[in-house]
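In the numbering used here, the protein residues as written are 95 to 308.
Take a look at the structure:
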């Protein structure tokens, strides 16, 4: 495992919500970070069929363009009754014909698909959020960190916090959706604590333990 010896990195994303979450997670470590969006990097085509492949595509593109280590996230919602869909195509389910993303529409699409499967009870609506972080260096070296959180699909959507599908994802052991939680409640982790709630926070905890500590 390669340690990260610089505190200057690129967040390899154009997703405003994701950039904010990653910025919140790295802030306690004193990172100077800029996003691929701020640096006006082109968005690479995500042609992979796994979260790991797509995370690597994004991180390597930003690392090579900037000459700095780059941290990317590829994440998605996997619903058991839909055979793991939308999975790596989670963001695609929100795309409109004009290229914009409408997650209210995407959540309706999820609900319709579950209704078509007759999945009405919570035990029939099990799902998980998956996040894979990739840290890439300009020389092509990569490290991967995967976090998952189990839960169920709630309906109707609840809460306006977070982004994406957060208002319909109720993590296991909780009565509120991610959309009803504050950023700290959702991440559930900061330096010095051992618990991590969200998929992204769990992946980030592995990143910290592997590349920053020791």
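Just so you know, even glycine gets a beta-carbon here, dropped at the ideal spot from N, CA and C.
The structure presented is a predicted model; accordingly, all values stated were derived computationally and were not measured.
Residue of 199, 298, 208, 213 minimising C-alpha distance to residue 239: Of the residues 199, 298, 208, 213, the one whose Cα lies closest to the Cα of residue 239 is 298.
With 16 other Cβ atoms within 10 Å as the buried cut-off, status of residue 186: If you draw a 10 Å sphere on the C-beta of residue 186, you find fewer than 16 other C-beta atoms in it, and that means exposed.
Paired residues, beta bridge with residue 240 - DSSP: Paired residue(s): 226.
Cβ shell of residue 120 (< 7 angstroms), same chain only, five flanking positions each side left out: Result list for residue 120: 127, in chain order.
Start-to-end residues for the alpha helix (DSSP H) that takes in residue 275: First-last for residue 275: undefined, no H or E at that position.
Proximity test, Cβ basis, 8 angstroms: residue 187 and chain C: Absent from the structure is chain C; it holds one protein chain and no more.
Endpoints, beta strand (DSSP E) assigned at residue 171: Membership of residue 171 in the beta strand (DSSP E) is indicated by the continuous run 164–173.
DSSP beta-bridge partners of residue 129: Answer is 105.
Closest Cα partner of residue 199 within the set 162, 235, 281, 250: Minimum Cα distance to residue 199 is reached at 250.
Host alpha helix (DSSP H) of residue 205 (start-end): Counting along the chain, residue 205 sits inside the alpha helix (DSSP H) bounded by residues 197–210.
Reduced DSSP category for residue 115 - H, G, I as helix; E, B as strand; rest coil: Here residue 115 sits in helix by DSSP.
For residue 221, three-class secondary structure by DSSP: It is a strand residue.
N-terminal and C-terminal residue of the alpha helix (DSSP H) that residue 145 is part of: According to the DSSP assignment, residue 145 belongs to the alpha helix (DSSP H) that extends over 145–160.
Simplified DSSP state of residue 258, which is helix, strand or coil: Coil at residue 258, not helix or strand.
Whether residue 202 touches residue 195 by CB criterion (8 angstroms): No. Outside cutoff.
Distance between residue 214 and residue 308 (C-alpha atoms, nearest Å): Residue confidence is low: residue 308 scores 49 on pLDDT, short of 50, so the model does not pin down where it sits. No coordinate-derived value is stated.
CB contact flag (residue 130, residue 156, <8 angstroms): It is a contact, given that the beta carbons lie within the stated cut-off.
Three CB pairs or more closer than 8 angstroms across the segment 265–277 and the segment 225–232: No, the segment 265–277 is not in contact with the segment 225–232.
Where residue 216 sits in the DSSP three-state scheme: Helix.
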